[in-house]
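Peer 1: Mapping the sequence shown onto the working numbering, position 186 (from 1) lands on 209, and the numbers just tick up by one. Using N, Cα and C, we set each Cβ at its ideal position, and we do this for glycine too. Because the structure is a prediction, the values reported are computed rather than measured. Pasting a structure below so you can have a look.
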Amino acid sequence: MNTLLIITVLVVFFALAFDFINGFHDTANAIATSVSTRALPPRVAVIMAAIMNFLGAITFVGVAKAIASDIVDPFALSSPDAPLIGSVVILAALLSAITWNLVTWYFGIPSSSSHTLIGSIAGAAIAASGIGVLNYSGFTKILIALLASPIIAITVGYIMMTLMKFLFKDMNLYKTNKGFRIMQIFTAAIQAFTHGTNDAQKAMGIITMALIAANWQTTDDVQSWVRFACALAMGLGTSIGGYKIIKTVGGKIMKIRPVNGAAADISSASIIFGATLIHLPVSTTHVISSAIMGVGAAQNVKGVNWGMARKIVTTWIITMPISAVMAAVIYTILNIFF
């Protein structure tokens, strides 16, 4: 078995591992509000999220193509004189992203799998070929989407909660809560589906990049086996559940009631799915956390745990540069062996 094949097999393995970890790391994003309001028992919520994540993941491919070609041109990563560079870059990016995801999961911090993956790809590619290897127009577009989406989510969450307060201000509180708990079953399912449409595609894009870099594929089309494998890995990972992050997202940002949870789910799901339709990767973690902050601010500004919010925002800011540096270091080490 030649070295290029070995590295490509490792890339596929770690890409699926990243999707699996992403599943249990980000499960909380889709179901935290429904679990915290007791609309769904944790086990039922996790199983539902796993199924909906799988269905969302196999439905769309636009974000996968953006990951495969918009950050770095995969056709430019390798050359006849150095055929292994592109594959080693992708392997280093995956190892960096997986490491950061596991560290933040261990500490219960809802960090972004999108930020760490994109930062890692950029960092490893720059370490290999210099900053000129970046696809500036595509990378800038993705960066803007990642930075703008949480701000949009806070705004939409605030507006959605304000609208619900107006529409249901004269209704019986008990009946309203009961109705919104039922509604949350559907909004959580939609949330999980949209998570699959965006997050699972990132690993699809990585595998597609690896196949192109190894000259086993000449277009950025996502092969059927790649779609199915990534969707399955995401679904299985989701079934494990990320209960530490559920605790943070579902209770430490603000005290969530059924109406708050439904408003946050609808707000974040619409933003994530909108990004999927225009082929932009966004951080589902930060979109959902930001929507909860917006909903909380509309309900009661003092009711939001702004200390936890600052912790989440800090992680949001530092994830990409830390991941880029980690990936560059890992690439340098791997380059010694390959």
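Within 10 angstroms of the Cβ of Pro173, are there 16 or more other Cβ atoms? Answer buried if so, exposed if not.
Peer 2: It counts as buried.
Peer 1: Does the stretch 249-258 come into contact with the stretch 107-115, if we say contact requires no fewer than three beta-carbon pairs (one atom in each stretch) closer than 8 angstroms?
Peer 2: Contact between the stretch 249-258 and the stretch 107-115 is absent, because fewer than three Cβ pairs lie under 8 angstroms.
Peer 1: How is Leu157 classed by DSSP in three states: helix, strand or coil?
Peer 2: Here Leu157 sits in strand by DSSP.
Peer 1: Below 8 angstroms on the Cβ atoms is my contact criterion, and I expect Ala147 with Ala350 to pass it. Report the Cβ-Cβ distance as a whole number of Å.
Peer 2: Right, their Cβ atoms sit about 4 angstroms apart.
Peer 1: Return helix, strand or coil for Phe360, following the three-state DSSP convention.
Peer 2: In this structure, Phe360 counts as helix in the three-state DSSP scheme.
Peer 1: Residue range of the alpha helix (DSSP H) that Lys325 falls in?
Peer 2: Looking at the DSSP string, Lys325 is not in any alpha helix (DSSP H), and its letter there is neither H nor E.
Peer 1: Indicate the three-state DSSP secondary structure (helix, strand or coil) for Val95 in the structure shown.
Peer 2: DSSP places Val95 in strand when its eight states are reduced to three.
Peer 1: Check whether the stretch 58-77 touches the stretch 215-233, taking contact to mean three or more Cβ pairs, one atom from each stretch, closer than 8 angstroms.
Peer 2: Taking 8 angstroms as the limit for Cβ pairs, the verdict is that the stretch 215-233 does touch the stretch 58-77.
Peer 1: Any idea what DSSP makes of Trp239, helix, strand or coil?
Peer 2: In the structure shown, Trp239 sits in coil (DSSP, three-state: anything other than H, G, I, E or B).
Peer 1: Leaving out the 5 sequence neighbours to the left and right, which residues in its chain are closer than 6 angstroms to Gly258 when beta-carbon positions are compared?
Peer 2: The residues are Ala73, Asn76 and Phe77.
Peer 1: Is the Cβ-Cβ distance between Phe41 and Ile121 less than 8 angstroms?
Peer 2: Yes; because the gap between Cβ atoms is below 8 angstroms, this pair is in contact.
Peer 1: Is it buried or exposed for Ser262, if we count other Cβ within 10 angstroms and need 16 for buried?
Peer 2: So Ser262 counts as buried.
Peer 1: Please report the straight-line C-alpha distance between Trp329 and Asp96, rounded to a whole angstrom.
Peer 2: Their Cα atoms are separated by approximately 40 angstroms.
Peer 1: Rounded to a whole number of angstroms, what is the C-alpha to C-alpha distance between Gln224 and Asp193?
Peer 2: C-alpha separation (whole angstroms): 43 angstroms.
Peer 1: Count the other CB atoms, across all protein chains shown, that sit within 10 Å of the CB of Gly273; report buried if there are 16 or more and exposed otherwise.
Peer 2: At Gly273, the pLDDT of 46 sits below 50, so the modelled position is not reliable and the matter cannot be decided from this model.
Peer 1: To the nearest angstrom, how far is the alpha carbon of Phe43 from that of Leu125?
Peer 2: Spanning the two alpha carbons is a distance of roughly 11 angstroms.
Peer 1: Specify the secondary structure class of Thr60 as computed by DSSP and reduced to three states.
Peer 2: Three-state DSSP puts Thr60 in coil, outside helix and strand.
Peer 1: Could you name the residues of the same chain whose beta carbon sits closer than 6 angstroms to that of Ser134, not counting the 5 residues immediately before and after it, in chain order?
Peer 2: Closer than 6 angstroms at Cβ, skipping near neighbours: Thr127, Thr338 and Thr342.
Peer 1: Phe203: which of Val318, Asn238, His138 and Gly284 sits nearest, CA to CA?
Peer 2: For the residues Val318, Asn238, His138 and Gly284, the minimum Cα distance to Phe203 belongs to Gly284.
Peer 1: Apart from the five residues just before and just after Val310, which ones in its own chain have a Cβ nearer than 7 angstroms to its Cβ?
Peer 2: Here the set comprises Ser172, Pro173, Ala176, Ser291, Ile294 and Ile295.
Peer 1: Within a Cβ cutoff of 6 angstroms, which residues of the same chain sit near Ala256, ignoring the five residues on either side of it in sequence?
Peer 2: Closer than 6 angstroms at Cβ, skipping near neighbours: Leu39, Asp42 and Phe43.
Peer 1: Starting from the C-beta of Val318, find all residues in its chain whose C-beta is less than 6 angstroms away, skip the five residues before and the five after it, and write them out in chain order.
Peer 2: Answer for Val318: Gly180, Met184, Asn283, Ala286 and Ala287, listed in chain order.
Peer 1: Between Ile54 and Ala211, what straight-line distance do the alpha-carbon atoms span, to the nearest angstrom?
Peer 2: Between Ile54 and Ala211, the C-alpha separation is close to 6 angstroms.
Peer 1: Between which two residues does the alpha helix (DSSP H) carrying Thr261 extend?
Peer 2: Ser247 to Ile263 is the extent of the alpha helix (DSSP H) around Thr261.
Peer 1: Answer yes or no: do Pro304 and Ser137 have a C-beta to C-beta separation smaller than 8 angstroms?
Peer 2: The answer is yes: Cβ separation under 8 angstroms.
Peer 1: Evaluate Gly109 with the Cβ neighbour count: other Cβ atoms within 10 Å of its Cβ, from every protein chain shown; 16 or more gives buried, anything less gives exposed.
Peer 2: By the neighbour-count rule (16 or more Cβ atoms within 10 Å), Gly109 is buried.
Peer 1: Please classify Thr82: does DSSP put it in a helix, a strand, or coil?
Peer 2: DSSP places Thr82 in coil when its eight states are reduced to three.
Peer 1: Would Val34 pass as a contact of Ile356 if the rule is Cβ separation under 8 angstroms?
Peer 2: Taking 8 angstroms as the Cβ cut-off, Val34 and Ile356 do not qualify as a contacting pair.
Peer 1: Have a look at Leu117, Gly153, Met206 and Ile132 and flag the residue whose alpha-carbon is nearest the alpha-carbon of Ile30.
Peer 2: Comparing Cα positions, the closest option is Leu117.
Peer 1: Using only CA atoms, which one of Phe209, Phe360, Ile279 and Ala99 lies nearest to Gly153?
Peer 2: That would be Ala99, whose Cα lies nearest to the Cα of Gly153.
Peer 1: Hey, out of Tyr354, Asn358 and Lys201, whose CA is closest to Ser119's CA?
Peer 2: The shortest C-alpha separation from Ser119 is found at Tyr354.
Peer 1: On a Cα-Cα basis, can you pick out the residue from Thr220, Ser313, Ala151 and Val352 that is closest to Arg333?
Peer 2: The shortest Cα separation from Arg333 among Thr220, Ser313, Ala151 and Val352 belongs to Ser313.
Peer 1: Within 10 angstroms of its Cβ, does Thr307 collect 16 or more other Cβ (buried), or is it exposed?
Peer 2: Thr307 comes out buried.
Peer 1: What is the DSSP secondary structure of Asn124, counted as helix, strand or coil?
Peer 2: Asn124 falls in the helix class under three-state DSSP.
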